[in-house]
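Residue numbers (my numbering): 8 to 201.
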Amino acid sequence: MRRILLAVIPVVLLAACSSSDLGEPIANSTNAPAISSSSYVTSDCAVVGGAPTSAASAPAQGMTLDGVTVELGETPTITVAPALAPATEVVTKTLKAGKGAPIKGTETLTFNYCGVGLVTQKQFDSSWANGAPITYGLDSLIPGWGVGMPGMKIGEQRLLILPGSQSYGPNPPTPDILPDESLAFVVQLVSIQN
8 MRRILLAVIP VVLLAACSSS DLGEPIANST NAPAISSSSY VTSDCAVVGG APTSAASAPA
68 QGMTLDGVTV ELGETPTITV APALAPATEV VTKTLKAGKG APIKGTETLT FNYCGVGLVT
128 QKQFDSSWAN GAPITYGLDS LIPGWGVGMP GMKIGEQRLL ILPGSQSYGP NPPTPDILPD
188 ESLAFVVQLV SIQN
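As structure tokens, this is what we get:
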């Protein structure tokens with residue numbers, strides 16, 4: 008029975024990044040653009056709902072934090088445990104170390120990312136799926152990124168788990184994110200511009 012369930016879960020619950028052509032997918036909640044709801048296909052930065060993979064069956068690169076498991080590869084795969092309690096604070100975990108000077112907090116950053124709702128278990132956007140990293144000033148991103156990204160170095164990949172109050176709050180920019188939903192992001196820093 009377990010083998011059957013493991014074979015069915017990826018088929019039923021595997022979703023990948025939406026392929027919208029958004030120019031500004033992550034911004035503060037007051038000027039966040041609408042994100043189109045497009046169908047999900049199996050490709051980059053996958054999201055799998057259900058229980059995290061056990062350590063015995065997970066690849067060596069898989070890491071878990073507060074019910075969210077990330078497996079690294081060309082694009083990360085995020086697995087969200089069912090019925091997680093909402094996040095109450097910004098929580099971070101370095102998935103892959105970077106090099107060079109760290110982010111201080113006011114620079115303009117170029118980065119790849121993907122975002123997943125912890126309740127919906129839906130991936131609502133991804134620069135990996137959109138085909139290119141994006142560039143923003145750290146102070147123009149949602150509040151939890153301003154808390155969770157300082158200290159990152161070029162090449163670093165970091166998991167950010169944000170409470171709804173530190174992400175899009177009661178007015179998310181897409182119906183794929185519930186009001187005040189906790190979100191998980193994998194962020195890969197590509198460059199820092201002063």
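Glycine included, C-beta positions come from ideal geometry on N, C-alpha and C.
Treat the numbers as computed from the prediction; the structure is a model and nothing was measured.
When the five nearest sequence neighbours on each side are left out, the beta carbons in the same chain lying within less than 6 Å of the beta carbon of Gly74 are those of Ala88 and Leu91, in order along the chain. Under the Cβ criterion (8 Å, minimum of three pairs), the segment 105 to 113 does not count as touching the segment 177 to 192. Per DSSP, the beta-bridge partners of Leu116 are Tyr143 and Ile199. With fewer than 16 other Cβ atoms inside 10 Å of its own Cβ, Asp146 counts as exposed. Ranked by how close their Cα comes to the Cα of Thr71, the residues Pro170, Gln200, Arg165 and Val154 have Arg165 in first place.
Here Pro186 is exposed, its C-beta having fewer than 16 other C-beta atoms within 10 Å. Between Phe131 and Ala108, the alpha-carbon positions lie close to 31 Å from each other.
Here Val126 has Leu185 and Glu188 as same chain residues with Cβ atoms under 6 Å from its own Cβ, once five neighbours each way along the sequence are excluded. The Cβ-Cβ distance between Val197 and Asn119 falls below 8 Å.
The beta carbon of Met159 lies closer than 7 Å to those of Gly105, Pro109, Ile110, Arg165 and Leu196 in the same chain, with the five residues before and after it left out. Here DSSP, grouped into helix, strand and coil, assigns Ala191 to strand.
Taking all protein chains shown into account, Thr86 has 16 or more neighbouring C-beta atoms within 10 Å of its C-beta and is therefore buried.
With 16 or more neighbouring CB atoms inside 10 Å of its own CB, Glu163 falls in the buried class. Exclusion of the five residues before and after Leu79 leaves Gln68, Leu102, Lys103 and Gln164 as the residues of its chain whose Cβ lies within less than 7 Å of its Cβ.
Within the same chain, Val97, Leu169, Gln173 and Ser174 come within 6 Å of Gly151 by CB-CB distance, once the 5 residues on both sides are set aside. Here Pro140 is actually not in contact with Ser133; their C-beta atoms are around 11 Å apart, not less than 8 Å.
Distance from Met156 to Val194 at the Cβ level is roughly 7 Å; contact confirmed, criterion being Cβ atoms closer than 8 Å. Pro93 places its beta carbon 8 Å or farther from that of Cys121. For Ser174, there is no enclosing alpha helix (DSSP H), as DSSP marks it with neither H nor E.
Within the same chain, Pro140, Thr142, Val197 and Ser198 come within 6 Å of Thr117 by CB-CB distance, once the 5 residues on both sides are set aside.
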